[in-house]
Amino acid sequence: MGRQPCCAKVGLKKGPWSPEEDKKLLDFLLNNPLCCWRLVPKLAGLLRCGKSCRLRWLNYLKPDLKRGLLSESEEKLVIDLHAQLGNRWSKIAAQLPGRTDNDVKNIWNTHIKKKLVKMGIDPITHKPFSPSENPSDESHGEEEEEKTPVDSLCSDSEKSLASSSVSSSSVSSSSSNSTSLVKDEIIEVPPMEAPAIDWDEPMWLLEMDEFKGLEFLSNDFDENLCI
DNA sequence: AAGGGCGACAACCGCCAACGA
DNA sequence: GTCGTTGGCGGTTGTCGCCCT
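Heads up, the final residue of the first sequence is numbered 227 in the UniProt record's numbering, and it's a clean run with no missing numbers.
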């Protein structure tokens with residue numbers, strides 16, 4: 001028996017969300033305790049499937065999201081975590097406050113991957129390409145081949161931060177930084193600075209009453225929603 | 001000015017795991 | 001133990017805007 005689709009495909013809207021839809025979803029989620037995503041579109045008056053609503057909330061509407069490119073330290077962290085975890089974007093994103101797995105995945109694919117390739121580093125293995133398999137014809141010096149991605153991307157002062165945090169062999173106990181469980185392993189990461197309120201939200205969203213008092217956007221908010 | 005190429009990002013799809021009946 | 005439902009995840013695709021010719 002085939003798996004049922006997450007929602008009846010008939011009559012449901014797909015594609016980009018309109019400001020009105022965003023507002024409806026946001027209004028609903030701000031004013032109602034979340035029961036289950038399947039009911040959200042129905043109760044919020046949206047012609048979307050619950051899954052779509054969930055994604056929109058997590059990737060775009062959630063108040064504490066950071067937008068825009070990664071900072072240098074975030075980028076280093078992503079590279080290190082990727083070296084450890086592979087394409088487990090949600091685990092990687094969990095170490096970056098305000099970033100979503102979709103965000104990290106997109107940034108990896110559009111920026112970091114290319115950057116590594118250009119530097120002669122295989123983004124999958126995180127090791128220098130062997131001369132025969134190097135996709136970029138740009139010559140890279142011997143020195144560069146010896147560098148790790150972190151070495152190549154950051155200054156000396158920053159290297160210490162990155163290398164002390166999540167090198168592939170650093171599932172150790174040397175640091176008192178924050179830790180997180182990834183299945184059986186413990187990943188140690190440096191404490192990221194609190195997400196700055198650096199919103200790049202559409203104007204219509206910023207104009208909404210709910211967003212005029214930022215104190216409102218606390219962690220309690222999320223817990224209340226049980227997300 | 002037109003349009004083709006490309007990059008960036010939002011959104012969808014399909015699979016899987018967890019959970020409850 | 002089985003089945004259905006739901007949420008979560010990662011891969012992929014679609015769309016839009018910018019840049020170059």
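All C-beta atoms, glycine included, are put in the ideal place defined by N, C-alpha and C. This structure is a prediction, so every number in the text was calculated from the model and none was measured.
If I'm right that residue i touches residue j with Cβ under 8 Å, what's the distance once you round it to whole angstroms?
i	j	result
Leu81	Ile107	Not confirmed; about 13 Å, so no contact.
Arg56	Trp17	6 Å
Ile112	Ile79	6 Å
Please state if the CB of residue j and the CB of residue i are separated by a distance shorter than 9 Å.
i	j	result
Leu96	Leu61	no
Lys40	Leu47	Sequence inspection shows Val at residue 40; the Lys mentioned does not correspond to that position. Contact flag unset, no.
Closest by CA to residue i, which one among the options?
i	options	result
Glu75	Lys42, Arg38, Trp37, Leu116	Leu116
Lys32	Arg67, Arg38, Leu43	With the sequence shown as reference, residue 32 is identified as Asn, and Lys is not the correct amino acid for it. Ranking the options by Cα distance to Asn32, first place goes to Leu43.
Ile127	Ile92, Lys114, Ala83	The residue asked about is misnamed: residue 127 is Lys in this sequence, not Ile. Out of Ile92, Lys114, Ala83, Ala83 has the C-alpha closest to the C-alpha of Lys127.
Leu58	Glu72, Leu77, Leu29	Leu29
For residue i, collect the residues of the same chain with a Cβ closer than 6 Å to its Cβ; drop the 5 residues on either side in sequence, then sort them by chain order.
i	result
Leu65	Gly98
Could you check if residue i is buried or exposed, using at least 16 other CB atoms within 10 Å of its CB as the buried criterion?
i	result
Gly120	buried
Ser178	Confidence in Ser178 is poor, its pLDDT being 39 and thus under 50, which makes the residue's placement unreliable; the coordinate value appears in the next sentence. It is exposed - the Cβ of Ser178 has fewer than 16 other Cβ atoms within 10 Å.
Cys49	buried
Glu21	buried
Cys36	exposed
Pro63	buried
Gly141	Residue placement at Gly141 is flagged as unreliable, the pLDDT there being 37, under the threshold of 50; a coordinate-derived value is accordingly withheld.
Thr110	exposed
Arg67	exposed
Excluding sequence positions up to five away, which residues of its chain have a Cβ less than 8 Å from the Cβ of residue i?
i	result
Lys24	Ala44, Gly45, Leu46
So, for residue i: in the same chain, excluding its five sequence neighbours on each side, which residues have a beta-carbon less than 7 Å away from its beta-carbon?
i	result
Gly11	Leu47
Lys13	Leu47, Arg48
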